[in-house]
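Working notes, structure below.
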Amino acid sequence: MMKTLTICLIVIFGSLTSNLAAEASLTNEAAILSKIDTLPISHEDKADLSRIYQSVNNTLIWPSRNPLLAEIIERFSHADFDGLDPEVYKISQSLITQPIQTDQDILITLALLTYAKDLNGGRQLIKPTKLIDVHPLQRDVVAIIVAGLINGNTQWLEFLPPPHPQYTRLKGALCHFHALEQKGPWPQIDSEHTLKPGDTHTDVLILRHQLAMHDLLAFEESTYFDEKLSQAVIAYQNLHQLEPDGVVGTLTRVSLNMSPYQWKRLISLNMERWRHFPEFENAHHILVNIPGNFLKVIRSGSVVLTLPVVVGRPQRKTPEFIAPMQQVVLNPSWSVPPGISRDILRKAKENPSYLVSKGIRVIDKTTHAHVDPLSVNWAQYQISPFRFWQPPGARNALGSIKFVIKNPYHIYIHGTPDTHVFVKKRRDLSSGCIRLENPKLLLATLFQGTNDENPLDVDKLLKTKQQKAIPLSQEWPTVTAYFTVWVDKEGRFHSHPDIYHYDAIALEKYHEF
Numbered sequence: 346m347m348k349t350l351t352i353c354l355i356v357i358f359g360s361l362t363s364n365l366a367a368e369a370s371l372t373n374e375a376a377i378l379s380k381i382d383t384l385p386i387s388h389e390d391k392a393d394l395s396r397i398y399q400s401v402n403n404t405l406i407w408p409s410r411n412p413l414l415a416e417i418i419e420r421f422s423h424a425d426f427d428g429l430d431p432e433v434y435k436i437s438q439s440l441i442t443q444p445i446q447t448d449q450d451i452l453i454t455l456a457l458l459t460y461a462k463d464l465n466g467g468r469q470l471i472k473p474t475k476l477i478d479v480h481p482l483q484r485d486v487v488a489i490i491v492a493g494l495i496n497g498n499t500q501w502l503e504f505l506p507p508p509h510p511q512y513t514r515l516k517g518a519l520c521h522f523h524a525l526e527q528k529g530p531w532p533q534i535d536s537e538h539t540l541k542p543g544d545t546h547t548d549v550l551i552l553r554h555q556l557a558m559h560d561l562l563a564f565e566e567s568t569y570f571d572e573k574l575s576q577a578v579i580a581y582q583n584l585h586q587l588e589p590d591g592v593v594g595t596l597t598r599v600s601l602n603m604s605p606y607q608w609k610r611l612i613s614l615n616m617e618r619w620r621h622f623p624e625f626e627n628a629h630h631i632l633v634n635i636p637g638n639f640l641k642v643i644r645s646g647s648v649v650l651t652l653p654v655v656v657g658r659p660q661r662k663t664p665e666f667i668a669p670m671q672q673v674v675l676n677p678s679w680s681v682p683p684g685i686s687r688d689i690l691r692k693a694k695e696n697p698s699y700l701v702s703k704g705i706r707v708i709d710k711t712t713h714a715h716v717d718p719l720s721v722n723w724a725q726y727q728i729s730p731f732r733f734w735q736p737p738g739a740r741n742a743l744g745s746i747k748f749v750i751k752n753p754y755h756i757y758i759h760g761t762p763d764t765h766v767f768v769k770k771r772r773d774l775s776s777g778c779i780r781l782e783n784p785k786l787l788l789a790t791l792f793q794g795t796n797d798e799n800p801l802d803v804d805k806l807l808k809t810k811q812q813k814a815i816p817l818s819q820e821w822p823t824v825t826a827y828f829t830v831w832v833d834k835e836g837r838f839h840s841h842p843d844i845y846h847y848d849a850i851a852l853e854k855y856h857e858f
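In this text, residue positions in the sequence shown follow my numbering: the first is 346, and each later residue adds one.
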């Protein structure tokens, strides 16, 4: 797509400059609007260009703004610092010293508009996240450009990138890997056999080089795999959501062998996702990072809680969406959705006692009568004529608390009786919903500073084992997102497995990353 845009700009430049001498004096409104109307760009971009020129009374913008133009051209040349392609916005330096005609003026303004939009709202390279009854803050990019032109400086460009701290940190990581790339080819561990403590091998020397360049180990000229090296491997594994065993197996080797160029592409892709990430009033929201298997509560722009979560397995992905969390349910019952009902039917065929062991009630869809699961010949059914329901209690699949998010996917955040899975590094294990090990901690955080139930009342209500819905006095925009690289507040670079292969698809399809 970006190649197409680059070609588009070249075509525009060629077509617009062919008759410069004959049309140099045409700077009135009709001439500018006419030229804009002939450009092979979207109707939205044409309207935005027209707004910019109307703000300066339909006069040429750049002849009187050479210093500003020089700064903008310089900024374009460093677009790769934001994971963008500088070639897309390239403007000749000669325009700073030469007389600027109408056609060239429009070309420069179009490049600036494209850059501002790409930096502010992201390019149309990834599928936008579905918005459900939420209204993120919207920026008027044209108004920002106009204000910048009036002020005559480039400080306004700093307001275009996403304000999220994670974007800024990833930008720093991108620069770090760019610097590593300049040092030459990335050393590769060639052997496919496992490297472990006590081994002596030439690849151990390569391993030491790699970990040293990741700032996890002081380099030593040694082919011996000692305990100190094993601890550095564990540190790397913890940062990259790998099993922290201190041994270099297949997954750890593949990760360590990733070159700075590969990391740069991955970071650029994730920065693009952040450019699409919404801004919320008061900067409060809940973020679920699907590949990272974590949930963060952000209040007034600061992270106030981080919790591990379980997300959907690849066959039943947790969808990406943004929707309001409106209420919580204490001691929830569970009406089993159709997809999971098929799983339960299969398990009932294998062992009818499964339903009894889980406390799952069987209800006839026609008569609504409760049925003894042990009296049913489950083998005869391909499609269950029954509805499955689980009452509140210790065995309930939703745990003791359910957080209700308004969405068409029947996705909730909820507790779970199966807390043992939280020891795993990878937790893409659910049927799509988001499971919490400690839902009471999330509830207490959401209630903090509100008039909602206090923790003591919640404990009393939980002990009753009676289902109770509690509306939240403050709705929480809840975002399920897909970020596979992350920089923590200490500046440590993390990566997460591409569990749904979204990275692989995007990186293969688009060479802009």
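Note that beta-carbon positions come from the ideal geometry of N, C-alpha and C, so glycine has one too.
- Of the residues assessed, Lys747 falls on the buried side of the cut-off, its CB having 16 or more other CB atoms within 10 angstroms.
- For Ser818, the enclosing beta strand (DSSP E) starts and ends at 813-826.
- With fewer than 16 other CB atoms across the displayed protein chains lying within 10 angstroms of its CB, Glu572 is exposed.
- The three-state reading of DSSP puts Ile728 in coil, since its state is none of H, G, I, E or B.
- Taking the Cα positions, His846 is about 23 Å away from Pro589.
- Shown here, Ser567 sits in coil according to DSSP, grouped into three states, outside any helix or strand.
- Between the alpha carbons of Val721 and Lys785 lies a gap of roughly 38 Å.
- Annotation: the continuous alpha helix (DSSP H) that includes Trp619 extends over 605-620.
- Uninterrupted alpha helix (DSSP H) stretches at least 4 residues long and entirely within the region 441-477 occur at 447-466, given in chain order.
- Using a Cβ distance threshold of 8 Å, His841 and Pro506 do not count as a contacting pair.
- Annotated as distal: Glu432 and Met670, with beta-carbon spacing of 8 Å or more.
- In this structure, the straight-line span from the alpha carbon of Leu452 to that of Leu791 is close to 50 Å.
- A contact between stretches requires three or more CB pairs, one per stretch, nearer than 8 Å, and the region 671-688 meets this requirement with the region 723-733.
- Under the three-state reduction of DSSP output, Ser698 falls in the helix class.
- Under the three-state reduction of DSSP output, Phe748 falls in the strand class.
- With a beta-carbon spacing of about 7 Å, Val716 and Ile708 fall inside the 8 Å limit used to define contacts.
- For Gln500, the three-state secondary structure derived from DSSP is helix.
- Closest in alpha carbon position to Ile756, among Arg780, Asp427, Gly744, is Arg780.
- CA-to-CA, the gap between Asp427 and Asn615 works out to about 11 Å.
- The three-state reading of DSSP puts Arg740 in coil, since its state is none of H, G, I, E or B.
- Annotated three-state conformation of Gln576 is helix, per DSSP.
- Nearest in C-alpha terms to Gly517, of all of Val832, His759, Asp848, Ala668, is Val832.
- If you look at Asp548, you'll find it in the alpha helix (DSSP H) that goes 547-558.
- Scanning its chain for C-beta atoms nearer than 8 Å, with the 5 sequence neighbours on each side dropped, one finds around Leu574 the residues Pro542, Val549, Leu552, Arg553, Leu556, Leu562, in chain order.
- Residues Leu632, Val648, Thr651 of the same chain have their beta carbon placed closer than 6 Å to that of Lys641, with the five preceding and five following residues left out of the count.
- Going by DSSP, Leu525 is part of the alpha helix (DSSP H) stretching over 510-526.
- Of Gln586, Tyr606, Ser698, the smallest CA-CA separation from Pro653 is found for Gln586.
- For Gly684, the secondary structure class from DSSP, reduced to helix, strand or coil, is helix.
- Secondary structure of Arg410 (DSSP, three-state): coil.
- The C-beta separation of Leu429 from Asp463 comes to about 6 Å, placing the pair in contact by the 8 Å criterion.
- Distance from Pro481 to Phe625 at the Cβ level is roughly 6 Å; contact confirmed, criterion being Cβ atoms closer than 8 Å.
- Per DSSP, Asp393 is one residue of the alpha helix (DSSP H) stretching across 388-400.
- Here Leu743 really is in contact with Gly760; their C-beta atoms are around 6 Å apart, less than 8 Å.
- Going by DSSP, Arg706 is part of the beta strand (DSSP E) stretching over 706-709.
- Judged by DSSP secondary structure, Arg644 falls within the beta strand (DSSP E) whose first and last residues are 639-644.
- Under DSSP, Arg780 shares a beta bridge with Val655, His759.
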